[in-house]
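S.K.:
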Ligand code: ADP
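Numbering (the numbering used here), first residue to last: 2 to 622.
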């Protein structure tokens, strides 16, 4: 609503002013005042003006007195217009008006000062028209502050920020970008941002950019720029299309991140990956990798050739199940799948068809799980396989030879042993033949050793070819242990064998084979404890099994050797051990015998602190 007129709004000669004009002055939403003479005697003030000054009585007062808060600049402008008879303006004129209640308000006005003349065309006074531009001013100030804040924020950003217009010309860059290029802010404005991309990357980046601009889609690319210090810097750019409020496309706003280090690392990774691939490809072994989903992610050249794989397809199983020998397939896949589920390493030997000549070859395949990242997340398997066909063949020849040789040796040895025993029986009754008897006894002992060795070798060959059969029967364990202990005690001159934990338990097993295991444990215990004079053998009963333990107080076995000593032909190497003769087959045979009885074999020992060899056998139900 427009303010109403008031009796104090005009005075003096303005009474004579035209009624319509007067009404216009009174109705206008701007500030209007008519000032007479050079002193600016207020003759008319419209309601808007009056109300802003809290209805102060200003009529017939000189301006300095009427509105002391308008300030000298205002008064001088009025005087200047009066003197020059020419209109003048002041913009954003700041005036602070105090209300009756003491509240202070800050205003901004644009003033127009116009001269007016009387009927005789003489200068009569100055007409003031004012427009309240406070809101515009505050908005302008806020905008300036926001711009400053925006500048501070963008300057503080570690990434480069920019805007470009619809033609790709730069309209803004922040301090980070300026620091990179070393060029002043103004030098960027209006330039195509592509100018900053090094030549080698330009074509690629332009095509990325054109693609984005075509669909007005977000922009993503990376490229190199030349820094002010001459060095190349990789940046990753991402931009978002901008629109004017009218909806018209206005260009892009975006950021650039310094990714030089990342690129370097990527390059190093790529180099090392390439190195790894060329090593893997030139290796005569079959190398493969799978992801956590069991899908093959890598096969080396040797593998590709072996299996005639031309291209690595995601369903190319690394085991190539269609190439597995039908007799091995099920067992191999079972081992692989079980290992995979538990994320454990595995080793498996199987036959696989070599596609280029259709021949089945023996492969020894080892796989280990891979874990990646800081959290060691399971990432699949890496593995290598070797063609072990020749090795297998040699092993077969060796086994056959051992079997044949020990078999052939057995007959003459048995006959020698029979004659020696006959001679011993004859000559032990005669006197003065002491030397002969001693010699025959020594020969007999050595023959026994030889017989044991030959029996062991024969056993190894039987086991290798799967010919070792068990003649199981039910018998009292105590009787067997007692017999075996007595027999071994008979040949042991320095050691006492102490038998504890006797029990009447019956077991179902191959009596001779179990005796062989106990003999092996006892003779080893005596052999590897030359400084001590005692060996303990103990039997303990569990719920489902009986455990026999042979404890000695000898040289002991290092932790890392303990699993290996049950392997075929494995002997611990060391200064001490060299003084003991042996072939490293006794424990292997013993372990195989117990395994075939569904029992377990293990050792508890520490270097130089003796050893306790255990085996268990299942109890009869
Ligand atoms: P051999 O005794 O003929 O070498 P074995 O198979 O019986 O073969 O034993 C394998 C290896 O285990 C031995 O060479 C020895 O190093 C170690 N070993 C076996 N028994 C003992 C024991 N009681 N104390 C220390 N070491 C032992």
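Cβ coordinates follow ideal geometry from the N, Cα and C atoms, glycine included.
1. Pairing CB atoms from the region 548-558 with CB atoms from the region 603-617, are three or more of them under 8 angstroms?
2. Quick check on residue 168: does DSSP put it in helix, strand or coil?
3. Taking 8 angstroms as the cut-off, does the region 239-253 touch the region 144-157 (at least 3 CB pairs, one atom from each stretch)?
4. By the DSSP assignment, the beta strand (DSSP E) with residue 125 in it spans what residues?
5. Quick one: what does DSSP say residue 16 is sitting in, helix, strand or coil?
6. Would you call residue 405 buried or exposed, if buried means 16 or more other Cβ atoms sit within 10 Å of its Cβ?
7. Hey, out of 232, 609, 360, whose CA is closest to residue 261's CA?
8. Can you look up residue 249 in the DSSP assignment and give me helix, strand or coil?
9. Please name the residue in 471, 559, 521 whose C-alpha comes closest to that of residue 599.
10. Would residue 234 pass as a contact of residue 181 if the rule is Cβ separation under 8 angstroms?
11. Hey, out of 565, 608, 607, whose CA is closest to residue 588's CA?
12. As a quick exercise: from 166, 168, 51, 188, pick the residue whose alpha carbon is nearest that of residue 176.
13. Compute every distance between the C-beta of residue 380 and the non-hydrogen atoms of the ligand ADP, then say whether any falls below 7 angstroms.
14. Please report how far the alpha carbon of residue 307 lies from the alpha carbon of residue 222, in whole angstroms.
15. Can you grab the Cα-Cα spacing for the pair residue 489 / residue 571, in whole Å?
16. Go to residue 104, then tell me how far its alpha helix (DSSP H) extends in each direction, as first and last residue.
17. Is the CB-CB distance between residue 109 and residue 119 below 8 angstroms?
18. Quick one: measure Cβ to Cβ for residue 414 and residue 452, integer angstroms, because I've assumed they're closer than 8 angstroms.
19. Which of the three DSSP states, helix, strand or coil, is assigned to residue 352?
20. Can you name, in chain order, every residue of its own chain whose Cβ lies under 6 angstroms from the Cβ of residue 543, other than the five neighbours on each side?
21. Does the beta-carbon distance from residue 45 to residue 26 come in below 8 angstroms?
22. My understanding is that residue 220 touches residue 253, with C-beta atoms under 8 angstroms, so please give their C-beta distance in whole angstroms.
23. Tell me the rounded alpha-carbon separation between residue 329 and residue 494.
24. Over the uninterrupted beta strand (DSSP E) stretch that includes residue 491, give me the two end residues.
25. Given the structure, does residue 276 come close to the ligand ADP, in the sense that its CB is under 7 angstroms from one of the ligand's heavy atoms?
26. Quick check for students: name the residue ranges of the alpha helix (DSSP H) that lie wholly in the region 214-292, counting only runs of 4 or more.
27. Which one or two residues does DSSP pair with residue 387 in a beta bridge?
28. Given residue 541, which residues of its chain have a CB within under 6 angstroms of its CB, disregarding the five upstream and five downstream residues?
29. I want to know whether the region 453-462 touches the region 476-489 - three or more CB-CB distances under 8 angstroms.
30. Could you check whether the Cβ of residue 535 sits closer than 7 angstroms to any heavy atom belonging to the ligand ADP?
31. Starting from residue 299, follow the alpha helix (DSSP H) in both directions and report where the run begins and ends.
32. Go ahead and label residue 2 buried or exposed: buried means 16 or more other beta carbons lie within 10 angstroms of its beta carbon, across all protein chains shown.
33. Which term fits residue 420, buried or exposed, when burial requires 16 or more other beta carbons within 10 angstroms of its beta carbon?
34. Going by alpha carbons, who is nearest to residue 562 out of 382, 580, 607?
35. Checking 8 angstroms against the spacing of the C-beta atoms, do residue 255 and residue 163 come in under that value?
36. Just how far apart, CA to CA, sit residue 285 and residue 392?
M.R.: On the basis of the coordinates in this document:
1. In this structure the region 548-558 touches the region 603-617; the number of beta carbon pairs closer than 8 angstroms is three or more.
2. Taking the first residue of the chain shown as 1, we reach residue 168 at position 167. Correct three-state label for residue 168: coil.
3. No, they do not touch.
4. Here residue 125 refers to the residue found at position 124 of the chain shown. Per DSSP, residue 125 belongs to the beta strand (DSSP E) from 124-133.
5. Within the chain shown, numbered from 1, the residue matching residue 16 stands at position 15. Only weak support is given to the placement of residue 16: the predicted model assigns it a pLDDT of 47, under 50, and the question is left unresolved by the model.
6. On the chain shown, residue 405 is found 404 positions in, with the first residue counted as 1. The residue is exposed, with fewer than 16 neighbouring Cβ atoms inside 10 Å.
7. Translated into positions along the chain shown, residue 261 becomes position 260. Comparing C-alpha distances from residue 261 to each of 232, 609, 360 shows the shortest one belongs to 232.
8. Translated into the one-based positions of the chain shown, residue 249 becomes position 248. The answer is coil: DSSP assigns residue 249 none of H, G, I, E or B.
9. Along the chain shown, one-based indexing puts residue 599 at 598. Check the Cα spacing between residue 599 and each of 471, 559, 521: the tightest is with 471.
10. Here residue 234 refers to the residue found at position 233 of the chain shown. Here residue 181 refers to the residue found at position 180 of the chain shown. Inclusion of residue 234 and residue 181 in the CB contact set at 8 angstroms is warranted, their separation being smaller than that value.
11. Mapped onto the chain shown, residue 588 falls at position 587. Considering only alpha carbons, the answer is 565.
12. For the purposes of this step, residue 176 is taken as the residue at position 175 of the chain shown. Just measuring C-alpha positions, the residue of 166, 168, 51, 188 sitting nearest residue 176 is 188.
13. Indexing the chain shown from 1 puts residue 380 at position 379. False, no ligand heavy atom lies under 7 angstroms from that Cβ.
14. Counting from one through the chain shown, the residue named residue 307 turns up at place 306. Counting from one through the chain shown, the residue named residue 222 turns up at place 221. Separation of residue 307 and residue 222 (C-alpha to C-alpha, rounded to the nearest whole angstrom) is 42 angstroms.
15. Residue 489 sits at position 488 when you count from the first residue of the chain shown. Residue 571 sits at position 570 when you count from the first residue of the chain shown. About 24 angstroms.
16. Taking the chain shown and counting its residues from 1, one reaches residue 104 at position 103. No alpha helix (DSSP H) holds residue 104; DSSP gives it neither H nor E.
17. As a first step, residue 109 must be located in the chain shown, where it is residue number 108. As a first step, residue 119 must be located in the chain shown, where it is residue number 118. For residue 109 and residue 119, no; Cβs fall outside 8 angstroms.
18. Within the chain shown, numbered from 1, the residue matching residue 414 stands at position 413. Within the chain shown, numbered from 1, the residue matching residue 452 stands at position 451. So it is a contact: roughly 6 angstroms between Cβ atoms.
19. One-based indexing of the chain shown puts residue 352 at position 351. If DSSP states are grouped into helix, strand and coil, residue 352 belongs with the strands.
20. Residue 543 sits at position 542 when you count from the first residue of the chain shown. Its chain contains no residue whose beta carbon lies nearer than 6 angstroms to that of residue 543 once the 5 sequence neighbours on both sides are disregarded.
21. Taking the first residue of the chain shown as 1, we reach residue 45 at position 44. Taking the first residue of the chain shown as 1, we reach residue 26 at position 25. Cβ atoms of residue 45 and residue 26: closer than 8 angstroms.
22. Here the question's residue 220 lines up with position 219 in the chain shown. Here the question's residue 253 lines up with position 252 in the chain shown. Right, their Cβ atoms sit about 6 angstroms apart.
23. Within the chain shown, numbered from 1, the residue matching residue 329 stands at position 328. Within the chain shown, numbered from 1, the residue matching residue 494 stands at position 493. Whole-angstrom Cα-Cα distance: 51 angstroms.
24. Counting from 1 along the chain shown, the entry for residue 491 is found at position 490. DSSP places residue 491 outside any beta strand (DSSP E); the residue lies instead in the alpha helix (DSSP H), whose first and last residues are 478-492.
25. Translated into positions along the chain shown, residue 276 becomes position 275. Not under cutoff, so the answer is no.
26. The qualifying runs are 261-283.
27. Taking the first residue of the chain shown as position 1, residue 387 is located at position 386. According to DSSP, residue 387 bridges with 365.
28. Mapped onto the chain shown, residue 541 falls at position 540. Excluding sequence neighbours, residue 541 sits near 502, 548.
29. Taking one beta carbon from each stretch, the region 453-462 and the region 476-489 have fewer than 3 pairs nearer than 8 angstroms; the two do not touch.
30. Here residue 535 refers to the residue found at position 534 when the chain shown is read from its first residue. Because no heavy atom of the ligand ADP lies under 7 angstroms away, the Cβ of residue 535 does not count as near it: no.
31. Here the question's residue 299 lines up with position 298 in the chain shown. Per DSSP, residue 299 lies in no alpha helix (DSSP H) segment; the continuous beta strand (DSSP E) that holds it begins and ends at 297-300.
32. In the chain shown, the residue the question calls residue 2 occupies position 1. Caution is warranted here: a pLDDT of 37 is assigned to residue 2, below 50, making its placement in the model unreliable, and no coordinate value can be reported.
33. Your numbering for residue 420 matches position 419 in the chain shown. Using a 10 angstroms sphere on the CB of residue 420, the tally of other CB atoms stays under 16, which defines it as exposed.
34. Position 561 of the chain shown holds residue 562. Closest by alpha carbon: 607.
35. Walking along the chain shown from the start, residue 255 turns up at place 254. Walking along the chain shown from the start, residue 163 turns up at place 162. Less than 8 angstroms separates the beta-carbon of residue 255 from that of residue 163.
36. Translated into positions along the chain shown, residue 285 becomes position 284. Translated into positions along the chain shown, residue 392 becomes position 391. Each residue's Cα considered, the two are about 15 angstroms apart.
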